[in-house]
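Read through the structure below, which is laid out as structure tokens, and then see the notes.
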Amino acid sequence: MAGRHRLLLENAQQLVLVCGGGEEYLLREAAASLALLRGASLVVGLDGCIKAVGQADVIRNQFSGATFERIIDCSGKCVLPGLVDAHTHPVWAGDRVHEFAMKLAGASYMEIHQAGGGIHFTVEHTRNATEEELFNTFKHRLERMRRAGSTLVECKSGYGLNLETELKMLRVIERAKQSMDIGISSTYCGAHSVPKGKTATEATDDIINNHLPKLKELKLSGEIHVNNIDVFCEKGVFDLESTRRILQAGKNIGLQINFHGDELHPMKSAELGAELGARAISHLEEVSDEGITAMARAKCAAVLLPTTAYMLRLKQPQARKMLEEGVIVALGSDFNPNAYCFSMPMVMHLACVNMKMSMNEALAAATINAAYALGKSDTHGSIEIGKQGDLVIINSSRWEHLIYQFGGHEALINYVIVKGKVVYENERCETMNSY
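My numbering puts the sequence shown at residues 1 to 435.
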């Protein structure tokens, strides 16, 4: 096949497709046994999409007359889909390193929150930060996520809680969408906490009557494109009825429902999400058996966040029960000032060790299923013809090293590729022994 193309990856020891039949998500046995090729090559076209995947000799013959902007020899290496981080809070000012000592001394999340720390501390600093300051720190965080293999990231607002600051955060996310080589799904999370001086009912009314109409207006004008709506449905924050009102109002203006539920207390969030047609619910440490059944039936993804359970010493989400009952299980880092982790490889490792997921299940959860949770599994999350050429190349003959090596990705990830363009190249990787 003649013509010019963007990228040829040749002779990969392992090429992990994840799935190869156009699946939207993987369940049960399919998530436990991923599609994989050995001695394989792939081609990404000038449009950034995958044009061919197959055995190296077949691809070599098929594209014998073609030219490429870049050719990478992947002998002895593994190629995987770019990782998808399905839950992050990456736009804020004011870290909470001082609160880590309080947590280690036994203070709970809600105790710190009620004492004016937690979200409220970050809200104050984020409100005072300029848009430029927020963008610069956000850009740096996205670059660190990308170096750890993430090529599509869900990014929330939620440290403003007033309309002015929430819009400032969403503009920062929009700017990164337009200017950076990384996929972003943006989420309005103005119901992350109840602002000081307001009741939950007053905050709910403000969001429905003021925030969401403004978002609709900015969406129509093309200034800001928000994808999802989120609420922190929790005891002492937004109760089930307030959550229902906000999520339904967001859905009415075309936003996907993707919210925090059943984290610290059983709230029946899973049942509510299934009823409202939520695309995904995050956390779920306290989900009920009925909630799990409802999510499986509604094809509502469970975005599990092993870093949060680890950092807050919460009980682990019931990943095995969810997998066995046919829930679409996805993973996210929950990057935020309370859980400072950029690395989806570390998230997958924690999911395997603490939540008893297999490595295959964890990779499916951090690729195709995480993409499904964001409504993007038609274009992201697996290596298939027609999908976006988002890829990770690791300096290892077995892909499992990406999970097995806890915190070792800086010596393991050789290239990160978005739309067929190399966006991160680790030159030290070639000279470092990744074992």
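Note that beta-carbon positions come from the ideal geometry of N, C-alpha and C, so glycine has one too.
Tell whether a beta-carbon distance below 8 Å holds between residue i and residue j.
i           : j           : result
residue 191 : residue 246 : yes
residue 188 : residue 161 : no
residue 447 : residue 352 : Outside the shown range of the chain (1 to 435) lies residue 447, about which nothing can therefore be said.
residue 50  : residue 356 : no
residue 279 : residue 183 : no
residue 333 : residue 409 : no
residue 42  : residue 9   : yes
residue 146 : residue 340 : no
residue 46  : residue 6   : yes
residue 238 : residue 294 : no
residue 165 : residue 130 : no
residue 21  : residue 82  : no
residue 260 : residue 282 : yes
residue 86  : residue 330 : yes
residue 88  : residue 155 : yes
residue 110 : residue 236 : yes
residue 354 : residue 404 : no
Does the beta-carbon of residue i, which I'm using as the reference point, lie nearer than 7 Å to any heavy atom of the ligand ATP?
i          : result
residue 66 : Ligands displayed in this structure: none; no statement on the ligand ATP is therefore possible.
Within 10 angstroms of the Cβ of residue i, are there 16 or more other Cβ atoms? Answer buried if so, exposed if not.
i           : result
residue 209 : exposed
residue 369 : buried
residue 157 : buried
residue 64  : exposed
residue 337 : buried
residue 289 : exposed
residue 389 : buried
residue 169 : buried
residue 348 : buried
residue 211 : buried
residue 186 : buried
residue 267 : buried
residue 273 : buried
residue 128 : exposed
residue 419 : buried
residue 114 : exposed
residue 179 : exposed
residue 58  : exposed
residue 141 : buried
residue 264 : buried
residue 366 : buried
residue 67  : exposed
residue 221 : exposed
residue 335 : buried
residue 138 : buried
residue 104 : exposed
Once you ignore the five residues that flank residue i on each side, which residues in its own chain have a CB closer than 6 Å to its CB?
i           : result
residue 402 : 345, 394
residue 31  : 361, 364
residue 287 : 262, 270
residue 417 : 391
residue 371 : 84, 377, 380, 381
residue 27  : 326
residue 249 : 208, 212
residue 118 : 112
residue 291 : 270, 271
residue 422 : 415
residue 3   : 66
So, for residue i: in the same chain, excluding its five sequence neighbours on each side, which residues have a beta-carbon less than 8 Å away from its beta-carbon?
i           : result
residue 135 : 172, 175, 176
residue 219 : 225, 226, 253, 254
residue 240 : 233, 267, 268, 269, 272
residue 244 : 272, 276
residue 36  : 14, 15, 16, 17, 399
residue 133 : 93
residue 153 : 84, 85, 88, 90, 142, 145, 182, 183, 184, 185
Leaving out five residues before and five after residue i in sequence, what residues of the same chain have Cβ atoms less than 7 Å from its Cβ?
i           : result
residue 62  : 1, 52
residue 56  : 10, 11, 39, 40, 41
residue 299 : 328
residue 24  : 372, 377
residue 33  : 360
residue 296 : 325, 326, 327
The segment 404-423 contacting the segment 385-393, beta-carbon criterion three pairs below 8 Å: yes
Beta strand (DSSP E) segments (min. 3 residues) lying fully within the segment 316-373: 329-331
Inter-stretch contact at 8 Å, needing at least 3 Cβ pairs: the segment 68-82 / the segment 5-20: yes
Continuous alpha helix (DSSP H) assignments of at least 4 residues falling wholly in the segment 140-180: 163-179
The segment 290-305 contacting the segment 314-325, beta-carbon criterion three pairs below 8 Å: yes
Inter-stretch contact (C-beta, 8 Å, three-pair minimum) for the segment 319-334 and the segment 375-385: no
Those runs of the alpha helix (DSSP H) which lie wholly inside the segment 18-88 and span at least 4 residues: 28-32, 56-62
Three CB pairs or more closer than 8 Å across the segment 110-124 and the segment 86-100: yes
Entirely enclosed beta strand (DSSP E) segments - the segment 235-316, minimum 3 residues: 256-261, 280-283, 301-304
Any beta strand (DSSP E) of 3 or more consecutive residues that is wholly inside the segment 378-419: 391-394, 413-418
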